[in-house]
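Everything on this sheet refers to the single structure shown next.
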Amino acid sequence: MASSRVARRRQGSLPKEPPPGLENGGSSDHKLDNLDIIKTIGTGTFGRVVLCRERSTRCYWALKILAIADVIRLKQVQHVQNEKEILQNVNHPFIVNMVWTYHDSSFLYMLFDYVCGGELFSYLRSAGRFSSLTGNFYGAEIVCALDYLHSQNIVYRDLKPENLLLDRDGHLKITDFGFAKKLTDRTWTLCGTPEYLAPEIIQSKGHNKAVDWWALGILVYEMLAGYPPFFDDNPLGIYEKILAGKIEWPRSLDPVAKDLIKKLLVHDRTKRLGNMKVNIFDRI
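The sequence shown begins at 34 in our numbering and counts up by one.
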């Protein structure tokens, strides 16, 4: 079961017309030629993240480097633009902090505070599953971050252990805002990770911020069980299981956590916990 978590795939599509070109932004205190690359700490479809040190301050940073040609070829311009604009305007202790952006003719650069603890996914894979106390702690921090994003009319749309970093004190930082979007009503873009997609995304009914609360239910289950509630070798098989809605509950699962997950994994988004007037903090 645990192996189902290792090779998750993201689904994504974009409008046919790309937006205007990306502009440089952020503080002018940082310069590309003042950064010494130490090592690669993450890779993606069209870029990588490197650990670097600033010569003038000796401070460590995480530098995200995206190949512009690949971004255009894979029709990811809008997602990259969304990520840049959103990260320039958010400020929360449980969200990564982007301090500077720059681009030349070949690459787009995004400079972040270095989060030294690595991915939550690595710790979960090593532990097998988390205790209820640990799962509740991380779950509460994610609720704080999602509640903040939603107050800014931002839907995140890619919650999963791979996108959660741990700082030196053990607190979470949500990263990778490539699928995040400013939202006033609904959107119809198919994007996210198959195991974490809400039913309304799969059915192309249009979705809103409620999809993040569904994803939280999947994440809490995965943290406490060690695997997601809906998984299959084929994405279509995953979608079928999500729409069927049958969940097998491990005996080790805490009754309170089970009740929380049930209220988050409700197919009717109008009745889904977090998308109602009830304060989700009362359930953590």
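Quick reminder that beta carbons are idealized off the backbone N, C-alpha and C, glycines included.
Residues in its own chain within less than 8 Å of residue i by CB, not counting five upstream and five downstream?
i      : result
Glu174 : Phe127, His204, Leu205
Lys274 : Phe263, Phe264, Asp265
Cys85  : Leu68, Asp69, Ile70, Ile71, Tyr93, Trp94, Ala95, Leu96
Arg201 : Cys149, Gly150
Ser237 : Trp221, Leu223
Ala290 : Ser165, Gly168, Asn169, Val253, Leu257
Could you tell me which residues DSSP pairs with residue i in its beta bridges?
i      : result
Lys97  : Val82, Met143
Leu198 : Glu152, Lys206
Ile128 : Ile207
Gly75  : Val82
Lys215 : Ile187
Thr220 : His240
Quick check on DSSP: helix, strand or coil for residue i?
i      : result
His300 : coil
Asp66  : helix
Arg188 : Arg is not the amino acid found at residue 188; the sequence shown has Val there. Three-state result, Val188: strand.
Gly225 : strand
His183 : helix
Glu273 : helix
Gly172 : helix
His240 : strand
Glu281 : coil
Thr90  : coil
Asp266 : coil
Ser159 : helix
Tyr260 : coil
Write down the C-beta distance between residue i and residue j rounded to the nearest angstrom, noting that I regard them as a contact closer than 8 Å.
i      : j      : result
Phe210 : Glu116 : 4 Å
Pro194 : Phe154 : 4 Å
Lys214 : Val188 : 6 Å
Gly172 : Val253 : 5 Å
Arg219 : Asn196 : Between Asn196 and Arg219 the Cβ distance is about 23 Å, and since that is not below 8 Å, they are no contact.
Gly307 : Trp246 : 3 Å
Glu233 : Arg302 : 6 Å
Val132 : His63  : 7 Å
Can you list, in chain order, the residues of its chain whose CB lies under 7 Å from that of residue i, leaving out five sequence neighbours each side?
i      : result
Tyr181 : His125
Phe79  : Leu99, Ala100, Asp103, Val104, Leu107, Gln109
Asn67  : Glu87, Arg88, Ser89
Ala178 : His125, Phe127, Ile128, Ile207
Asn130 : Phe145, Asp146
Leu120 : Met131, Phe210
Gly278 : His300
Which residues in the same chain have their Cβ closer than 6 Å to the Cβ of residue i, if we skip the five residues on either side of it in sequence?
i      : result
Ala248 : Leu192, Tyr229
Asp287 : Ser165
Ile280 : Pro262
Gly77  : none
Tyr272 : Ile235
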